[in-house]
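Peer 1: One structure, as structure tokens, below. Some questions next.
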């Protein structure tokens with residue numbers, strides 16, 4: 002029992018520390034926003050880790066589900082104004098349902114594809130969804146289409162992001178150690194062998210895919226109500242790649258690695274903006290891919306490949 | 074009807090450019106099972122080399138094409154040597170992420186001011202443009218040059234792969250790397266050569282793209298690269314005729330959907346077709362179906 006309390010105490014003390022930093026003004030609103038974005042990336046990347054890291058299904062369309070969650074929830078909170086936090090939570094639930102249903106309908110046919118082909122099919126799906134976002138104002142004008150969606154109320158704050166990330170970590174930790182999670186891992190290791198010992202591979206692949214995409218959808222909800230502005234380019238192919246980078250850099254099938262990589266990645270990109278002198282600020286996006294290549298060549302299995310922090314172990 | 078034929082010609086023009094890029098993807102995938110995300114950026118570098126050769130050095134078109142192709146062949150082999158070779162025994166995803174890193178590096182490095190710069194540039198056209206009328210159709214000399222250059226290169230590639238000793242070695246390595254090695258084939262040299270040939274073709278595609286759609290910038294490679302890769306998958310990745318077929322289909326579908334349906338929906342239509350084809354025939358139109366072993 003005692004060891005089960007430890008992660009909660011750890012999380013609460015980190016949260017308390019951050020609140021002190023915010024209240025004393027040491028951390029300004031700019032860095033609070035960056036930290037919030039890091040938390041959103043943690044949730045989204047944990048989702049992809051379920052799909053790719055644990056179930057072994059290569060998805061390049063994660064940003065599409067992130068975007069569906071963001072747009073659905075923003076649409077609901079905009080059409081139901083003055084409902085406050087209740088409206089926000091309602092939109093969160095609705096977005097999760099819409100994303101899960103979309104993921105189920107898409108996943109059922111395309112999860113039959115293997116490895117790279119699945120990646121290409123999900124990539125195609127991501128581009129189709131982006132085109133739909135671009136033209137969405139033809140059907141529902143307030144979605145804004147390629148002009149972007151404005152005027153979303155800001156509900157997300159550090160407390161919400163912290164609460165959702167904590168929930169996400171607990172769910173993924175328990176998922177991995179459950180029989181469902183074990184079945185998913187066996188599919189990753191060898192699909193034919195898993196099938197031959199009686200695992201219903203289609204069912205567990207779809208389950209993992211739907212759960213992971215729902216994570217992305219919830220991350221999208223938080224994103225929409227943090228930045229209060231949505232644009233289709235926030236959900237394009239490159240955003241799916243960003244999440245994939247985090248999952249692989251952290252180490253496939255490692256919750257600890259995903260959390261660490263998401264936070265390092267977000268702060269590195271912003272940190273370079275602060276550290277570099279103005280004359281070579283253009284080099285920021287040159288240095289970042291170089292670091293990426295070097296890390297990958299030095300540690301092909303990611304930072305925490307197959308390893309976990311103490312408190313996440315079984 | 075003539076409008077339809079006209080769009081078909083425009084679509085084939087785009088398709089031939091895609092074919093030149095798609096071949097590099099399919100050859101590299103066939104030999105090392107890597108989605109070389111940096112290939113679209115090699116295409117971009119090819120377009121820029123052609124730009125400097127034509128615009129600054131005032132070379133004639135064939136010479137500019139050769140300069141761009143040679144430069145990119147070296148670039149492709151360098152990328153393979155530095156970024157992919159150390160990861161040949163690592164998990165496949167590590168090489169894929171490295172490829173994404175290389176792609177971002179080329180894009181942002183070349184948009185620095187002392188290199189290509191971040192702005193759009195107008196592409197110089199190295200020959201006089203004539204427009205010919207056949208019935209209701211118009212064909213410009215640009216289109217004729219694009220068709221001819223692409224066809225010559227495609228035939229040349231088919232000859233190299235099917236009729237020379239090097240081509241036979243390439244096919245052997247893609248069939249089974251270990252056995253090829255036992256037969257005395259220098260696998261490293263063949264992989265390097267494959268990157269070189271693929272990159273040279275992409276460079277030719279870049280120069281033709283620049284001439285046909287006369288505007289270039291350092292990020293121009295992303296979408297054509299992605300679409301060419303999808304075209305390669307559509308045709309059956311690893312298969313050279315498949316890549317050509319897939320690319321022509323992709324170009325025609327894209328042009329037709331912007332002409333007859335909606336230009337803002339064209340990417341959605343092209344990718345919907347891809348997903349449908351994959352669902353019906355998971356290995357692509359001309360792909361071979363391998364049996365799975367446990």
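Residue numbers (this note's numbering), protein chains in the order written: chain P, 2 to 315; chain A, 74 to 367.
Every residue, glycine too, gets a C-beta built ideally from N, C-alpha and C.
In this text, all values refer to a predicted model and were calculated from it rather than measured experimentally.
#1: Below 8 Å on C-beta distance, what does residue 338/A contact in chain P?
#2: If we cut at 8 Å on Cβ distances, does residue 76/A have a partner in chain P?
#3: Looking at residue 86/A: is its Cβ nearer than 8 Å to the Cβ of residue 219/A?
#4: Hey, how far is the Cα of residue 367/A from the Cα of residue 59/P?
#5: Can you find a C-beta in chain P that's less than 8 Å from the C-beta of residue 181/A?
#6: Taking 8 Å as the limit between beta carbons, can you name the residues of its chain near residue 155/P, skipping five residues before and five after?
#7: Return no unless some Cβ of chain A is closer than 8 Å to the Cβ of residue 118/P.
#8: Near residue 96/P, what residues of its chain come up, given a Cβ to Cβ distance below 6 Å and the 5 sequence neighbours on each side ignored?
#9: For residue 243/A, count neighbouring Cβ atoms within 10 angstroms of its own Cβ and tell me buried if that reaches 16, exposed if not.
#10: I believe residue 188/A touches residue 107/A by the beta-carbon criterion, under 8 Å. Please report the beta-carbon distance rounded to the nearest angstrom.
#11: Can you tell which of 166/A, 183/A and 77/A has the C-alpha that lies nearest to the C-alpha of residue 61/P?
#12: Say whether chain P places a C-beta atom closer than 8 Å to the C-beta of residue 413/A.
#13: I need the straight-line Cα distance from residue 129/A to residue 110/P, nearest angstrom please.
#14: Below 8 Å, how does it come out for the stretch 12-23 of chain P and the stretch 139-154 of chain P: are there three or more Cβ pairs, yes or no?
#15: Return the CA-CA distance between residue 89/P and residue 178/A, expressed in angstroms with no decimal places.
#16: Tell me whether residue 238/A is buried or exposed, calling it buried when 16 or more other Cβ atoms sit within 10 Å of its Cβ.
#17: Going by DSSP, what residue range makes up the beta strand (DSSP E) through residue 205/A?
#18: Just verifying my parser: in three-state terms, what is the DSSP assignment at residue 235/A?
#19: Does the Cβ of residue 292/P have 16 or more other Cβ atoms within 10 Å, making it buried, or fewer, making it exposed?
#20: Give me the residue from 264/A, 225/A, 223/A and 209/A with the minimum Cα distance to residue 241/A.
#21: Roughly how many whole angstroms lie between the Cα atoms of residue 224/A and residue 202/P?
#22: Tell me whether residue 13/P is buried or exposed, calling it buried when 16 or more other Cβ atoms sit within 10 Å of its Cβ.
#23: When the Cα of residue 55/P is compared with those of 256/P, 108/P and 79/P, which residue comes out closest?
#24: The alpha helix (DSSP H) spanning residue 157/P covers which residue range?
#25: Does the stretch 205-212 of chain A touch the stretch 75-91 of chain A, meaning 3 or more C-beta pairs lie closer than 8 Å?
#26: Check residue 366/A in the structure and name its three-state DSSP category.
#27: Using a C-beta to C-beta distance shorter than 9 Å, which residues of chain P count as neighbours of residue 173/A?
#28: For residue 224/P, is the classification buried or exposed, using 16 other Cβ atoms within 10 angstroms of its Cβ as the cut-off for buried?
#29: Would you call residue 240/P buried or exposed, if buried means 16 or more other Cβ atoms sit within 10 Å of its Cβ?
#30: So, with DSSP's three-state summary, where would you put residue 211/A?
#31: Grouping DSSP H, G and I as helix and E and B as strand, with all else coil, what is residue 111/A?
#32: Hey, residue 308/P and residue 252/P: beta-carbon distance below 8 Å or not?
#33: Going by beta-carbon coordinates alone, are residue 355/A and residue 118/P separated by less than 8 Å?
#34: May I have the straight-line CA-CA distance separating residue 278/A from residue 236/P, to the nearest angstrom?
#35: With three or more beta-carbon pairs closer than 8 Å as the criterion, would you say the stretch 264-283 of chain P touches the stretch 180-197 of chain P?
#36: Helix, strand or coil: which one does DSSP assign to residue 121/A?
Peer 2: In short:
#1: Along the second chain, read from residue 1 onward, the residue named residue 338/A stands at position 265. Correct list: 132 and 136.
#2: What you label residue 76/A is simply residue 3 of the second chain in a count that begins at 1. Not flagged as an interface residue toward chain P: residue 76/A, since no C-beta distance is shorter than 8 Å.
#3: Here residue 86/A refers to the residue found at position 13 when the second chain is read from its first residue. Here residue 219/A refers to the residue found at position 146 when the second chain is read from its first residue. For residue 86/A and residue 219/A, yes; Cβs fall inside 8 Å.
#4: Taking the second chain and counting its residues from 1, one reaches residue 367/A at position 294. Taking the first chain and counting its residues from 1, one reaches residue 59/P at position 58. At residue 367/A the pLDDT is 46, less than 50, meaning the model places this residue with poor confidence and gives no usable figure here.
#5: Within the second chain, the letter at position 108 stands for residue 181/A. Residue 181/A counts as touching chain P.
#6: Taking the first chain and counting its residues from 1, one reaches residue 155/P at position 154. So the list reads 226, 227 and 229, once near-sequence residues are dropped.
#7: The sequence position of residue 118/P within the first chain is 117, counting from 1. Closer than 8 Å to some Cβ of chain A, the Cβ of residue 118/P qualifies, so yes.
#8: Within the first chain, numbered from 1, the residue matching residue 96/P stands at position 95. Sequence-distant partners of residue 96/P (beyond 5 residues in either direction) whose C-beta falls short of 6 Å from its own C-beta, in its chain, are 70, 73, 74, 218 and 222.
#9: Against the second chain, residue 243/A aligns to sequence position 170. Per the 10 Å Cβ criterion, buried.
#10: The residue given as residue 188/A occupies position 115 in the second chain. The residue given as residue 107/A occupies position 34 in the second chain. Rounded, the Cβ-Cβ distance is 26 Å, inconsistent with contact.
#11: Here residue 61/P corresponds to residue number 60 of the first chain, with the count starting at 1. Of 166/A, 183/A and 77/A, the residue nearest in Cα terms is 166/A.
#12: This structure gives no information on residue 413/A, because the portion of chain A shown stretches from 74 to 367.
#13: In the second chain, residue 129/A corresponds to position 56, counting from 1. In the first chain, residue 110/P corresponds to position 109, counting from 1. When rounded, the distance between both Cα atoms is 53 Å.
#14: no
#15: Along the first chain, read from residue 1 onward, the residue named residue 89/P stands at position 88. Along the second chain, read from residue 1 onward, the residue named residue 178/A stands at position 105. When rounded, the distance between both Cα atoms is 40 Å.
#16: Taking the second chain and counting its residues from 1, the one referred to as residue 238/A is at position 165. Answer is exposed; the Cβ neighbour count stays below 16.
#17: On the second chain, residue 205/A is found 132 positions in, with the first residue counted as 1. Segment 204-207, the beta strand (DSSP E) holding residue 205/A.
#18: Against the second chain, residue 235/A aligns to sequence position 162. Residue state, collapsed to three classes: helix.
#19: If you number the first chain from 1, residue 292/P lands on position 291. Exposed is the call here.
#20: For the purposes of this step, residue 241/A is identified with residue 168 of the second chain, where counting begins at 1. Of the candidates 264/A, 225/A, 223/A and 209/A, the one whose C-alpha sits nearest the C-alpha of residue 241/A is 264/A.
#21: By 1-based counting over the second chain, the position of residue 224/A is 151. By 1-based counting over the first chain, the position of residue 202/P is 201. Approximately 46 Å between the Cα atoms of the pair.
#22: Translated into the one-based positions of the first chain, residue 13/P becomes position 12. With fewer than 16 Cβ atoms within 10 Å of its Cβ, residue 13/P is classed as exposed.
#23: As a working mapping, residue 55/P is identified with position 54 in the first chain. With distances taken between Cα atoms, residue 55/P lies closest to 256/P.
#24: Here residue 157/P is taken as the residue at index 156 of the first chain, counted from 1. From DSSP, residue 157/P is part of no alpha helix (DSSP H); its letter is neither H nor E.
#25: In short, these stretches touch, since the Cβ pair count reaches three.
#26: Locating residue 366/A in the second chain gives position 293, counting from the first residue. With a pLDDT of only 48 at residue 366/A, under 50, the local geometry of the prediction cannot be trusted, and no value is derived from it.
#27: If you number the second chain from 1, residue 173/A lands on position 100. Those within 9 Å of residue 173/A in chain P are 242, 245, 246, 290 and 293.
#28: Here the question's residue 224/P lines up with position 223 in the first chain. Residue 224/P is classed as buried because its beta carbon has at least 16 other beta carbons within 10 Å across all chains shown.
#29: Position 239 of the first chain, counting from 1, holds the residue named residue 240/P. Residue 240/P should be labelled buried.
#30: Here residue 211/A is taken as the residue at index 138 of the second chain, counted from 1. Correct three-state label for residue 211/A: strand.
#31: Numbered from its first residue, the second chain carries residue 111/A at position 38. Secondary structure at residue 111/A: coil, using DSSP grouped into helix, strand and coil.
#32: Locating residue 308/P in the first chain gives position 307, where the first residue counts as 1. Locating residue 252/P in the first chain gives position 251, where the first residue counts as 1. Yes, the pair counts as a contact, with Cβ atoms nearer than the cut-off.
#33: Against the second chain, residue 355/A aligns to sequence position 282. Against the first chain, residue 118/P aligns to sequence position 117. Yes, Cβ-Cβ distance for residue 355/A and residue 118/P is below 8 Å.
#34: Locating residue 278/A in the second chain gives position 205, where the first residue counts as 1. Locating residue 236/P in the first chain gives position 235, where the first residue counts as 1. One C-alpha to the other measures close to 29 Å.
#35: no
#36: As a position in the second chain, residue 121/A is number 48, starting the count at 1. Residue state, collapsed to three classes: helix.
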